[in-house]
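Undergrad: I am attaching a structure below and will ask some questions about it afterwards.
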Amino acid sequence: MITALLLVHGILAVVLLGAITHQAFAASATRPGAGRSSFIAKFRNTDAASYSKVVVALFVAIIFLGSVLYPSYRLVVRPLLQAQDLRAANGSFEIKEHFSALALLLLPAYWATWRQPLTPEYASARVGLTWILASMVWWNFIIGQLLVSIKGLFL
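Residue numbers (my numbering): 1 to 155.
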């Protein structure tokens with residue numbers, strides 16, 4: 001059961017990673033002139049606001065699954081990391097935990113800045129919060145994947 005939950009957790013993390021990264025780039029890109037049909041121009045014309053509800057739902061689902069998986073990490077994986085003296089891996093996961101908690105606290109502000117109709121005064125807050133969350137999601141994803149693979153990589 002843990003393996004199945006870990007797979008679902010990972011798949012949802014990939015979807016969240018794609019959604020928030022796409023939104024961050026689209027939100028911070030300037031709108032090109034009319035008539036341009038390049039890939040970059042189409043990317044810039046993406047409606048970044050349409051991603052916000054999906055990002056919030058995915059984030060909450062991933063945090064929930066992570067909280068279900070967390071006890072098995074604490075009881076099985078963490079003692080293994082400590083026994084093998086892999087302090088960097090253990091510390092990286094501690095940072096991952098903190099980023100997850102901070103991102104969960106930032107989620108209401110993120111959601112409020114992306115609510116329709118978009119308020120022009122919140123444009124810089126939207127971009128900033130989206131990039132902060134995207135950075136946290138990228139860190140959590142990379143560290144999570146490394147820790148899933150730690151036995152094959154280091155032991």
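All C-beta atoms in this analysis are idealised placements derived from N, C-alpha and C, irrespective of residue type, glycine included. Remember, predicted model here, so these are calculated numbers, not experimental data.
1) Quick one: is H98 buried, meaning 16 or more other Cβ sit within 10 Å of its Cβ, or exposed?
2) Please identify the residue among F39, S67 and A27 whose C-alpha is closest to the C-alpha of A49.
3) Tell me which residues share the same chain as V56 and place their Cβ nearer than 7 angstroms to its Cβ, disregarding the 5 neighbours each side in the sequence.
4) Can you tell which of A4, D47, L5 and V148 has its C-alpha closest to the C-alpha of I20?
5) Is the beta carbon of L80 less than 8 angstroms from the beta carbon of L5?
6) Comparing alpha-carbon positions, which option in M1, A29, L105 and Y73 lies nearest E94?
7) Near M1, what residues of its chain come up, given a Cβ to Cβ distance below 6 angstroms and the 5 sequence neighbours on each side ignored?
8) My guess is that A101 and L129 are in contact by the Cβ rule of under 8 angstroms, so how many angstroms apart are they, rounded?
9) Do the CB positions of I63 and L16 come within less than 8 angstroms of each other?
10) Relative to the C-alpha of I143, which candidate in T113, K96, A134 and A103 has its C-alpha closest?
11) Keeping to the same chain, check which residues put their C-beta closer than 7 angstroms to that of N140; ignore five residues upstream and five downstream.
12) Measure the C-alpha to C-alpha separation of V127 and N90 and round it to an integer number of angstroms.
13) Assuming L12 and L58 form a contact by the criterion Cβ under 8 angstroms, report the distance between their Cβ atoms to the nearest whole angstrom.
TA: Reading from the atomic positions:
1) exposed
2) A27
3) L107 and W111
4) D47
5) no
6) Y73
7) none
8) That belief does not hold up - the Cβ atoms of A101 and L129 are roughly 16 angstroms apart, past 8 angstroms.
9) no
10) K96
11) K96, F99 and S100
12) 31 angstroms
13) 6 angstroms
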